[in-house]
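See below for the structure under consideration.
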Amino acid sequence: MTGFLILAFLILVAGLVAVPIASRLGLGSVLGYLLAGMAIAPLLAALRVDVEALQVFAEFGVVMMLFIVGLELEPKQLWAMRGKLIGTGGGQVVFTTLALAAVALVSGNQWQTALAIGMILALSSTAIIVQSLNEKGLMKSEGGEASFSVLLFQDVAVIPILAILPLLALPQFGVVAAEGEAGAHGGGFDLTADMSAWMAALVRVGAVAAVAFTGNYLTRPIFRFIAKANLRELFTAAGLVFVIGIALLMTLVGLSPALGTFIAGVVLANSEYRHELESDVDPFKGLLLGLFFITVGAGIDFALAFERFGEVAFWAAVVILVKIAVLLFVGRLSGLRRESLWLFALALPQAGEFAFVLISFAVANAILPQDMADLLLLIVALTMLVTPLLFILFDKVIAHAYCGASDVRDADTIEVENPIIIAGRGRVGGIVDRMLDAAGHHATVIDYNSQHLENLKKFGIKTYYGDATRPDLLASAGIDRARILVVALDEREQIDKLVRYACDNFPDLHVIARAKDRDHVYHLWAMGCRDIVRETYDSALRMGRSVYEALGHDRQAAIAMVDAWEAMDRTSMREIADVYRLDIPAHENEALLAKIRELKAEWDPKLRDAMDEIASRGR
Numbered sequence: 011m012t013g014f015l016i017l018a019f020l021i022l023v024a025g026l027v028a029v030p031i032a033s034r035l036g037l038g039s040v041l042g043y044l045l046a047g048m049a050i051a052p053l054l055a056a057l058r059v060d061v062e063a064l065q066v067f068a069e070f071g072v073v074m075m076l077f078i079v080g081l082e083l084e085p086k087q088l089w090a091m092r093g094k095l096i097g098t099g100g101g102q103v104v105f106t107t108l109a110l111a112a113v114a115l116v117s118g119n120q121w122q123t124a125l126a127i128g129m130i131l132a133l134s135s136t137a138i139i140v141q142s143l144n145e146k147g148l149m150k151s152e153g154g155e156a157s158f159s160v161l162l163f164q165d166v167a168v169i170p171i172l173a174i175l176p177l178l179a180l181p182q183f184g185v186v187a188a189e190g191e192a193g194a195h196g197g198g199f200d201l202t203a204d205m206s207a208w209m210a211a212l213v214r215v216g217a218v219a220a221v222a223f224t225g226n227y228l229t230r231p232i233f234r235f236i237a238k239a240n241l242r243e244l245f246t247a248a249g250l251v252f253v254i255g256i257a258l259l260m261t262l263v264g265l266s267p268a269l270g271t272f273i274a275g276v277v278l279a280n281s282e283y284r285h286e287l288e289s290d291v292d293p294f295k296g297l298l299l300g301l302f303f304i305t306v307g308a309g310i311d312f313a314l315a316f317e318r319f320g321e322v323a324f325w326a327a328v329v330i331l332v333k334i335a336v337l338l339f340v341g342r343l344s345g346l347r348r349e350s351l352w353l354f355a356l357a358l359p360q361a362g363e364f365a366f367v368l369i370s371f372a373v374a375n376a377i378l379p380q381d382m383a384d385l386l387l388l389i390v391a392l393t394m395l396v397t398p399l400l401f402i403l404f405d406k407v408i409a410h411a412y413c414g415a416s417d418v419r420d421a422d423t424i425e426v427e428n429p430i431i432i433a434g435r436g437r438v439g440g441i442v443d444r445m446l447d448a449a450g451h452h453a454t455v456i457d458y459n460s461q462h463l464e465n466l467k468k469f470g471i472k473t474y475y476g477d478a479t480r481p482d483l484l485a486s487a488g489i490d491r492a493r494i495l496v497v498a499l500d501e502r503e504q505i506d507k508l509v510r511y512a513c514d515n516f517p518d519l520h521v522i523a524r525a526k527d528r529d530h531v532y533h534l535w536a537m538g539c540r541d542i543v544r545e546t547y548d549s550a551l552r553m554g555r556s557v558y559e560a561l562g563h564d565r566q567a568a569i570a571m572v573d574a575w576e577a578m579d580r581t582s583m584r585e586i587a588d589v590y591r592l593d594i595p596a597h598e599n600e601a602l603l604a605k606i607r608e609l610k611a612e613w614d615p616k617l618r619d620a621m622d623e624i625a626s627r628g629r
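So for the sequence shown, my numbering puts the first residue at 11; every next one is plus one.
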């Protein structure tokens, strides 16, 4: 018991110290955990901790992570990604395997060993990439989605790789007892090991079908029954049982537990218990992922690393550069451009956690000699250590460079002028454009997402490609003769830039701007915009009306109460906007703070009286 407490204390303290420091320096939490593991490695060695066994346990964090990712994807979204899954993912695995195998072959290895090395190093780290993309808010970006689709394909590709590797055995390496293959992604006891190929395939398909059936038909009644106990810890336990049970089933039939739990997550994406499951599993996922990264750092053989540092660094660099080259090639074939292409290429060039399992499996099956396996383990660890630095390179250099660079694709030539210009055709601009079109009004719509525009073109929707904040593009759209400019861009900085330019240069132009929040309304008002719509405001009012009705007020009373609140809110916002200043943060603007306190004291009693009067009429 004492030994366990010491180990837990050391690991938690290392993470608590290293991760905030790394995050403060802009290095990200992943590198913080890796450095924490390296720092406590001597202590773990002194305590005789089995780091590899600890890593096998910690890799379950990857399984939980993919379950949560699956919860955030609906089946139709996954189906929409099928092209990227098969085309981009398959191309990355095949081309990277061949390229790295060619490098290993040129280095003097036999073709069997070279091919095995290529397959092992072709896979990337799901744990590091997904964690980093989520931290930086890039998971939903074009490059992030492409990266994730490749990771999903790699998870599936482990199955044929495990089947191919034994066929590459070399007698001169001897036969080592095929043990130590367990891991979060496969290995261990396999019920299909002695089955024929077709029977094993049938059993695996049946296991996946069982997961889908359980997620669709059994989880709701089970969780509904557990929810009746009204004990949060039981729901947490049920969520863990669900995830662990699926992982166990997948392992027993020789499949990736991460793949199985991902499928379960997708099946449950539309479940009413989705958010409850996510909130229950997420803390365990975070801790186990942190533990996994710490074990990777602690598992580095520092004696061998120092002894062969030049060789390890050279081959790690070769692996990263070869994979980046292949990723750039595959990404470009898949239609990625600009910063999306570079995000894709810089996110995936490391070797992944699968490599630890596959290297052990290759040694056990006489494919790799032990000294080469030791070298490969160091190369894998070093490529994983370098990955957070590649993300920093993307953030600080590449993304910044593209923000200020001219378009790779030239902006479209705008052939016609319309009295209305819409900047941005996403969720907001798209609805405005359709409403105008339905009433017989034509607008010039400009958007910067080339892939989105290509998709719209298939539906016969005309949208011009270009940066709507560029004065020359606005001039070609006839902004000096337009009556209305609708600013429906997503990014606050872009909205501010366009509103400021339009208000300063075209005083007769009616600018209707999308605001991200209340503070943004004040900001746009101070720039001169007088028609501002908060993007979530109307939805919030409708939700508030529904709450009034749920409390027993009739529809007319609920509408009147919402109208009273909105009238007060709009009047007070106008008075606050008049004292808002662009050069002072809101919390330091004494005049603004005083006005808010004054209005609150004046309006709260009046509003309460009005609400009571409306409610009494509705009784």
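No residue lacks a Cβ here, since even glycine has one placed at the ideal position from N, Cα and C. Note that the structure is predicted; figures quoted are calculated from it, not measured.
Supposed close pair residue i, residue j - CB separation, criterion 8 angstroms
i           : j           : result
residue 443 : residue 437 : Not really, about 11 angstroms apart at Cβ, beyond 8 angstroms.
residue 308 : residue 51  : 4 angstroms
residue 202 : residue 263 : 5 angstroms
residue 620 : residue 574 : 5 angstroms
residue 131 : residue 329 : 6 angstroms
residue 453 : residue 431 : 7 angstroms
residue 141 : residue 299 : 6 angstroms
residue 270 : residue 287 : About 15 angstroms; that fails the 8 angstroms criterion.
residue 175 : residue 126 : 6 angstroms
residue 572 : residue 554 : 6 angstroms
Nonlocal neighbours in the same chain, by C-beta distance under 6 angstroms from residue i, ignoring five residues either side
i           : result
residue 477 : 458
residue 334 : 355, 359
residue 471 : none
residue 190 : Summary for residue 190: the model assigns pLDDT 40, below 50, so the residue's position carries little reliability; its value from the coordinates is reported in the next sentence. Excluding positions up to five away in sequence, the list reads 370.
residue 400 : 356
residue 456 : 433, 474, 476, 478
residue 102 : 160, 340
residue 153 : 350, 353, 354
residue 143 : 149, 154
residue 405 : none
residue 427 : 488
residue 589 : 601, 602, 605
8 angstroms Cβ cutoff met for residue i and residue j
i           : j           : result
residue 230 : residue 157 : no
residue 78  : residue 275 : yes
residue 81  : residue 211 : no
residue 341 : residue 356 : no
residue 497 : residue 521 : yes
residue 233 : residue 248 : yes
residue 159 : residue 110 : no
residue 148 : residue 398 : no
residue 602 : residue 596 : yes
residue 106 : residue 377 : no
residue 570 : residue 624 : yes
residue 44  : residue 395 : yes
residue 223 : residue 236 : no
residue 587 : residue 535 : yes
residue 591 : residue 599 : yes
residue 505 : residue 523 : yes
residue 163 : residue 100 : yes
residue 225 : residue 291 : no
residue 383 : residue 373 : yes
In DSSP terms, what residue i is bridged to
i           : result
residue 455 : 432
residue 475 : 457
residue 597 : According to DSSP, which records beta bridges pairwise, residue 597 is partnered with nothing at all.
residue 523 : 497, 542
Neighbourhood of residue i by C-beta distance below 8 angstroms, restricted to the same chain and skipping five residues each side
i           : result
residue 322 : 315, 385, 388, 389, 392
residue 346 : 152, 153, 156, 354
residue 135 : 360, 361, 362, 363, 394, 397
residue 318 : 385, 388
residue 16  : 57
residue 528 : 544, 583
residue 213 : 201, 202, 205, 263
residue 24  : 46, 47, 49, 50, 304
Own chain residues within Cβ distance below 7 angstroms of residue i, not counting five before or after
i           : result
residue 338 : 351, 355
- Message: Under 8 angstroms: do the region 480 to 490 and the region 504 to 520 share three or more Cβ pairs, one atom per stretch?
- Response: Touching, per the Cβ criterion.
- Task: Evaluate the contact criterion for the region 252 to 267 versus the region 160 to 176: three or more CB pairs, one atom per stretch, below 8 angstroms.
- Result: yes
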